[in-house]
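In what follows, a single structure is set out as structure tokens and then discussed.
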Amino acid sequence: MDENNFNGCIPPQLFHLPLLQNLYFDDNSLSGQLSTEIRNLTSLQLLSLPANHLSGSIPPQLFHFHLPLLQYLHLDDNFLNSGEVRPDDEEGIENTTILQDLSLSRNKFLDDMLLLVLCLKGLNLLDLSYNDLSMEIPSEIRNLLPSISFLALSDNRLTGGIPRSMQKLNNMEGLYLQNNLLTGEILSWLLDFEGLRSLYVGGNRLILKNSVERAQNNNLFGLSLKCYGLFGEVIK
């Protein structure tokens, strides 16, 4: 039901379809909050509601055992916030969800949402770009997101450096950290990340060390190093 200019709240009747597996309402004009009745969709595998006017907080049921089959959750480009999403048992969330793709860009999420989703160890894709994050990237991110392939935290206000533990994220294909307040050095391993195809760290306050050697990663086709105060050169 994409691009139909539907408006108003999501019809409550849809929350009483226990066999429903995929629900698409992309690019409409839906408004209001996501109902907690979504917990009734116990067969749901994909929920896609980007580019609407949804507001309020995300129902905690999206991250708990109520939706045990949910793998893809796309809520980009709305007016959602963290609200009451406060897990009492982070380990419980980790063990009761199989979410793989979580896309929450262009909303109003704060740091607590990032801390929450870092409990989802099965994630392959995480997009929290264009929100209000202002924390440092956790140094233990390698242990928190061991399966991550695409990580997008761009256009926030993240501080600190790029954790060295990221070099142990063996499945990483796309890393998007541009337009934050990151500081510190761009180290050689970041330019020679095996399997990495897209690296965007421009628009920060990073420093390019003189000792950075020419990248050996032949798969890299997207690269942005535009930085405030950047100095040094890549050795040929």
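For the sequence shown, position 99 matches number 102 in my numbering, and the numbering has no gaps at all.
All C-beta atoms, glycine included, are put in the ideal place defined by N, C-alpha and C.
Checklist entry - Can you tell me whether C122 is buried or exposed, with buried defined as 16 or more other CB within 10 angstroms of its CB? => result The sequence position of residue 122 within the sequence shown is 119, counting from 1. Around the Cβ of C122, a 10 Å sphere holds 16 or more other Cβ atoms; the residue is buried.
Checklist entry - Terminal residues of the continuous beta strand (DSSP E) containing S168? => result As a position in the sequence shown, residue 168 is number 165, starting the count at 1. From DSSP, S168 is part of no beta strand (DSSP E); its letter is neither H nor E.
Checklist entry - At which residues does the alpha helix (DSSP H) containing L117 begin and terminate? => result For this step, residue 117 is matched to residue 114 along the sequence shown. Start and end: D114 to V120.
Item to check | Identity of the residue in Y75, S150, P53 and L37 nearest L47 by Cα | outcome: For the purposes of this step, residue 47 is taken as residue 44 along the sequence shown, with counting starting at 1. L47 has its Cα closest to that of Y75, out of Y75, S150, P53 and L37.
Checklist entry - Since E139 sits in a beta bridge, which residues does DSSP pair it with? => result On the sequence shown, residue 139 is found 136 positions in, with the first residue counted as 1. T162, per the DSSP bridge assignment.
Item to check | Cα-Cα separation between Y179 and L194, rounded to whole angstroms | outcome: Numbered from its first residue, the sequence shown carries residue 179 at position 176. Numbered from its first residue, the sequence shown carries residue 194 at position 191. In a straight line, the C-alpha of Y179 is about 13 Å away from that of L194.
Checklist entry - Around the C-beta of S157, are 16 or more other C-beta atoms found within 10 angstroms, so that it is buried, or is it exposed? => result Position 154 of the sequence shown, counting from 1, holds the residue named residue 157. Residue environment for S157: buried (at least 16 other C-beta atoms within 10 angstroms of its C-beta).
Item to check | Spatially closest choice to G177 from E197, L147, G163 and S191, by CA coordinates | outcome: As a working note, residue 177 is residue 174 in the sequence shown. In this structure, E197 is the residue among E197, L147, G163 and S191 with its C-alpha nearest to the C-alpha of G177.
Checklist entry - So what's I144 in DSSP terms, helix, strand or just coil? => result Start at 1 with the first residue of the sequence shown, and residue 144 comes out as number 141. Helix at I144.
Next on the checklist: Cutting at 6 Å between CB atoms, please list the residues of its own chain near P53, excluding the five before and the five after it.
Outcome noted: Position 50 of the sequence shown, counted from the first residue, corresponds to residue 53. Taken in chain order, the residues that qualify are D29, H77, D79 and D80.
Checklist entry - In the DSSP assignment, what residue or residues form a beta bridge with H56? => result Taking the first residue of the sequence shown as 1, we reach residue 56 at position 53. Per the DSSP secondary-structure output, H56 pairs in a beta bridge with S34.
Checklist entry - Got a sec? Which residues, its chain only, sit under 6 Å from Q16 by beta carbon, not counting five neighbours each side? => result To locate residue 16, count along the sequence shown from 1; it is residue 13. Contacts found: none.
Checklist entry - What residue does the beta strand (DSSP E) around S201 start on, and which one ends it? => result Here the question's residue 201 lines up with position 198 in the sequence shown. Per DSSP, the unbroken beta strand (DSSP E) holding S201 starts and ends at S201 to Y203.
Item to check | L194 in three-state terms, based on DSSP | outcome: By 1-based counting over the sequence shown, the position of residue 194 is 191. Here DSSP, grouped into helix, strand and coil, assigns L194 to helix.
Item to check | Counterpart residues of E188 in DSSP-defined beta bridges | outcome: Residue 188 sits at position 185 when you count from the first residue of the sequence shown. I210.
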